[in-house]
Amino acid sequence: MGRQIIAVVAGVIAAGVVVYLMEMLSHGIFPPPASMDPMDPQSIKAHLDQLPAGAFLLVLLGWGLGSFTGGFTAAKIAGTRTLRAAVIVGVIQMLGGILNMTLIPHPLWMVVAGLLIFVPMAWVGGKIAGSPAG
Numbered sequence: 001m002g003r004q005i006i007a008v009v010a011g012v013i014a015a016g017v018v019v020y021l022m023e024m025l026s027h028g029i030f031p032p033p034a035s036m037d038p039m040d041p042q043s044i045k046a047h048l049d050q051l052p053a054g055a056f057l058l059v060l061l062g063w064g065l066g067s068f069t070g071g072f073t074a075a076k077i078a079g080t081r082t083l084r085a086a087v088i089v090g091v092i093q094m095l096g097g098i099l100n101m102t103l104i105p106h107p108l109w110m111v112v113a114g115l116l117i118f119v120p121m122a123w124v125g126g127k128i129a130g131s132p133a134g
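Take the sequence shown: its position 7, counted from the start at 1, is 7 in my numbering, and no numbers get skipped.
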């Protein structure tokens with residue numbers, strides 16, 4: 001049981017690092033204007049309304065890679081019930097994504113894609129980590 005908890009925590013941390021790095025890459029390629037106030041929802045919405053789809057795709061890629069990495073990490077550490085640990089990481093990532101999408105307005109297509117990407121990618125990561133060649 002303790003190993004499973006450590007596996008999930010490590011997976012969530014690994015996923016978070018990957019998501020953070022991908023979001024920083026997106027911010028580097030599509031920087032917010034200096035006039036944007038990150039504490040003002042209207043200012044954020046105005047900026048997001050101007051972003052090209054590529055900026056959102058980078059974030060989606062980050063969510064997918066993060067979930068994959070988190071699921072892979074959790075499965076490698078878990079020892080037993082590897083897919084369970086991986087899927088738990090995916091669910092936690094999805095809950096974080098829902099919170100993010102609730103606090104920051106996202107295009108509808110990104111909300112739908114985001115909800116569909118977290119758990120399956122964590123499962124794939126867990127499946128690959130748990131395979132004999134993984």
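Glycine included, each C-beta is placed from N, C-alpha and C at the ideal position.
Keep in mind the model is a prediction, meaning the values are calculated, not measured.
Which same chain residues, not among the five before or five after Leu-61, have their C-beta less than 7 Å away from its C-beta? The residues are Met-22.
Under the three-state reduction of DSSP, which class applies to Arg-84: helix, strand or coil? Reduced to three states, the DSSP call for Arg-84 is helix.
Using three-state DSSP, classify Ser-43 as helix, strand or coil. In the three-state reduction of the DSSP assignment, Ser-43 falls in the helix class, which pools H, G and I.
Going by DSSP, what residue range makes up the alpha helix (DSSP H) through Met-110? Unbroken alpha helix (DSSP H) run through Met-110: 108–130.
For Gly-79 and Ala-34, the rounded distance between their alpha carbons: Each residue's Cα considered, the two are about 48 Å apart.
Determine the contact status of Met-121 and Gly-90, defining contact as a CB-CB distance below 8 Å. Yes, the pair counts as a contact, with Cβ atoms nearer than the cut-off.
For Ile-77 and Leu-108, what's the separation of their Cα atoms in angstroms? Straight-line Cα distance between these residues: approximately 36 Å.
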